[in-house]
Each structure stands twice: as structure tokens, then as C-alpha cells.
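Residue numbering for the sequence shown follows the working numbering, beginning at 90 and increasing consecutively.
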Amino acid sequence: MYRNYKRIFYIGSFFILSLILGFSNLFSLPKEAIPKATNKITVEKIKTSLSINLPKQSNKPTKSLGLVEKSNDQAFFKEIKIKYGQGLMDALLDSGAYRVDAFNAVNSLKDHFDARKIQVGQKINLYYSSDGSIDRLEMQKDFDNLIIVQGKQKNYSSVNISLPSQVITRHVFGQIDDSLFLAAQRNGLPQIIIANLISIFSYDVDFQREIRKGDQFEIVYERKLSKDGRSVQEGNILFAKLTLSGKEISLFRHTPTESGIVGYFHEDGQSSKRALMKTPIEGARLSSYYGNRKHPVLGYNRMHKGIDFSAPTGTPIMAAGDGVVERASWYGSFGNYVRIRHNGTYKTIYAHMSKYGPGIKKGVRVQQGQIIGYVGATGRVTGRHLHYEVYMNGTQVNPLTLKIPSGIKLNGEEFQRFRAVIENKNQIIMQIKSNILLTRALN
Ligand SMILES: [Zn+2]
């Protein structure tokens, strides 16, 4: 009982104290809104302390990060999370910060972070002094950067610290029993890498029709690890191979010197990118072919001059190639409709969409793979699907049998550089494989 009274007394006096301090703060706003940086931090110090204690995912920090010298007066700690519709300033005020502190702390972030771009769910660690002022604020901006705001007598300054990480190379291979997605998942490939894998092969492979039981995949990709090993960020695919019905398709990541644009290339130097993708949608089922058929709504035989993909409403639809949007508006029985002109020869059209992709309107330039709309059931339809047509020199052609012209091909010196890249990747794979064999032998 006595302990409860004591607690109430303490809490009560803290509130009164903070009220008084709060008001006094309001009346003594500093003339200089943006304080000059006062902290001196040596890189050496940052590095050494980083390797000892790094980021705490727990909600109770055992120690402060220790990245920047901290004052001895840190009485309270709070971990806050940005809520929907909340700005950084609001979040700080909600957590009990004085307005002047919150204002100055947010202001001092400017050099390293645009506070208006703060995301819902962003975590922030707040350390308060016993007088209730913000002593220190820590925010991990992204995988590689931690921002620390340190306060001293109402002057705040911020530093951005690059978090050390290491890149490891992973090699994963497996057999496909059902779909590439499931096989890759079973073998421990993260979703983002699977999506990238499908995307880089989408010019060569029709994933709905060309995958057979017994096909194989192999991939080498990078993974970034924070120094303490607690957080992970998946990186680039360096190499990937699909063996489909006994036929191998290999792709290597390479950046041609001239263009500087990274891409994936076949062993012979041929870019994996085509003028048009084989299918402008992922994870859809081909539900209607090109040719004569009984029209599902009108009921009589009619030429179907495109192909239909059945997919859930809202599934993203991609531009099949680079080009300019010629039309993005309602078009009679086609419903919401987009037409893209790719070059002098090819146009593609996309119909029945539920809505258009961000920024898609007439005259806009789009890139291959960019989202131009979403699957829907607008216009004259029996159910949600994408109706897709390819025009060649003004008439519709069958997208499935179309011989699509290829993209760039590496030659001369660039091809020699690319061969070196292949050699290097092969060595990496050999090394990883021998390590696996070694560990197996040891076990
Ligand atoms: Zn159709």
C-alpha cells in the first residue's frame, strides 16, 4: 500500500514538474530555430562501438546504441512507431515531448532526412532526460543508415551513420515438381528473389505453359547482412539458370560500359529483354486463345483477335514493351482500355481493366514492365480477365506465335568484358559448390 502511495507521489510530482518545465519552455523559444551542430564525432569511435552493440530490435534497449557519446542524464526511454496519418512532429508530441524540443529535433533532421516523407510504421527510439526534454532520437532510415539526433540545452544536431554490413553470395538450386514459385520457396528462396527470377526470365519463358515436372532451376544471388547478423536485405541476382524439358537457359547480370544500364544476358551476349514481353501479366491463366470462337456474351462465332488472361481483379498489368500511351480511356465494349505504340511496327492493347496504373494517360512514355493498369471486368465481359492484343503494321496478330525481335547484343570489347563476368560467376558457383561438398563431408 505504502509503495503505491509513493509511486503516485512520484508520478504526480513528475507531471507537475513537466508542466512547469513545459510552460517555461514555451515562453523561452530560442531565437535561432535551427541550432548549429555541436557534436564532434570521430569515425573511429563510431566504428569501434558499432561492432559491439548494434541495433536492438527489442522494445527495451539494454544499453543505448553507444554510437555517439551520450549524456549521463537519460531517464526515460520510449520506442514509438509512426501511425497512419501521423507526421513525425505529431508522433513526438504524442509521446510527450515538449513542442520546442520536437520542433528543434525535427528541424535538425533536415540534413539527413525529409521528415515529410516519413513512413507509417517507422520506428523511433526516444531518450528523455529527467527534466522531460528529448536527449536523443534514433531512427534507422533504411537498411544502411541510422540517424541520430542529439540534444544539448535545446540545441539539436543530427548525424547519419552508415551501418556496416556484409554481402554474402547464396547459391540455391532445386527441382520443379509443380510450379517454379513453389519449388523456389521450398528451397528457401525469399519471395522478392523469386519475383525477380520470374521477371528476368519473362522474356524467354511462358511460365504458364513451359514448366514441366522435373524441370530445374539454379540461382546465385546476393544477400546483405547487418554486422550483428540480425537483419537481412536481399540483393541482386548474379546468375540464374532454368532447365526446361532438358533445354538450359542461363542469364548473367552485366552492366555494359556504354549504356551503363544493368541487364541480364544470355551466354552468347544476347540481352534477355525483348521488344515485347511474352506475357504482360504474372501469375495469370491463359483462358482464351487467338482465333475463331463462340463469343461468350454475343453467342455467335466470332474471331477472337487477342488472348485472354484470367486473373483476380487488381492483378497488375505491365506494358509489354517500351513505348508511348496512345489511349488510356473507356472504349465501348473494351471497358477501361490502354493502347501503347512501341515503335513503327508494333502496338499493344489491354482491355477490361478495373483501373489504370499510376500516371497512365495519353501521351505518357512507359517502360517495359511498368504497371499500366489492373485486371477488372469493365465493358462487355462475363468475368474479370485481361484481353490483350498485339498489332503488327496495323493488324492484329497472334501474340503467342509472334516471333518477337530481340533487344541488344553485346559484341567486340563489350562481349570480352561479359565473358570475364561469366567466368567470374562460374568460379563463384564452383567455390560455393565445393564449400557445400566440404561441409557435407565434414558432417
Ligand atoms: Zn478477349
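C-beta atoms are modelled at their ideal positions from N, C-alpha and C, and glycine is treated no differently.
Check                                                                                                                      : Outcome
Rounded straight-line distance, which links the Cα of V309 to that of N513                                                 : 12 Å
Identity of the residues DSSP links to V413 by a beta bridge                                                               : R430 and R454
Three-state class that DSSP yields for Q505 in the structure shown                                                         : helix
Terminal residues of the beta strand (DSSP E) in which M407 lies                                                           : P405 to M407
CA-to-CA distance, V261 to Q516, given in whole angstroms                                                                  : 15 Å
Endpoints, beta strand (DSSP E) assigned at M228                                                                           : I223 to D231
Three-state class that DSSP yields for F290 in the structure shown                                                         : helix
CA nearest to the CA of G263, picked from V453, A273, K243 and I257                                                        : A273
Residues of its chain near Q540, where Cβ-Cβ distance is below 6 Å and the 5 sequence neighbours each way are ignored      : Given that the chain is displayed from residue 90 to residue 532, the structure contains no residue 540 and the question cannot be resolved.
Own chain partners of G424 with C-beta closer than 8 Å, once the 5 adjacent residues on each side are dropped              : A440, H441, M442, G465, A466, T467, G468, R469 and V470
Sequence-distant residues of the same chain with beta carbon closer than 7 Å to N325, five excluded per side               : Y310, E311 and R342
Beta-carbon proximity of L215 to F166, cut-off 9 Å                                                                         : yes
Inter-residue CB distance, I460 and I396 (contact presumed, cutoff 8 Å)                                                    : Not a contact, Cβ separation roughly 19 Å.
Same chain, Cβ closer than 6 Å to Q520, neighbours up to 5 away in sequence not counted                                    : none
Heavy atom of ligand 1 within 8 Å of G458 beta-carbon                                                                      : no
Local conformation of L475 per DSSP, three classes                                                                         : strand
Touching by the beta-carbon criterion (3+ pairs, under 8 Å), the stretch 275-291 and the stretch 216-231                   : no
Chain-order list of residues whose beta-carbon lies under 6 Å from that of Y420 (same chain, five-residue window excluded) : Y426
Ligand 1 heavy atom lying under 8 Å from the CB of S399                                                                    : no
Buried or exposed by the 16-neighbour rule on C-beta atoms within 10 Å, applied to T404                                    : buried
Cutoff 8 Å; reference M481; Cβ partners in own chain excluding five residues on either side                                : T434, Y435 and L491
Selected residue, minimal CA-CA separation from G496, among G472, D357 and S251                                            : D357
Under 9 Å between C-beta atoms of F354 and L475                                                                            : no
Proximity winner among G240, G303, A164 and L331, relative to Y267 (alpha-carbon distances)                                : Here residue 267 turns out to be Asp, not Tyr, going by the sequence shown. With distances taken between Cα atoms, D267 lies closest to G303.
Any non-hydrogen atom of ligand 1 closer than 8 Å to S443 Cβ                                                               : no
Near ligand 1: S377 beta-carbon under 8 Å from a heavy atom                                                                : yes
Limits of the unbroken beta strand (DSSP E) element including R188                                                         : It is not in any beta strand (DSSP E) - R188 instead sits in the alpha helix (DSSP H) that spans R188 to L198.
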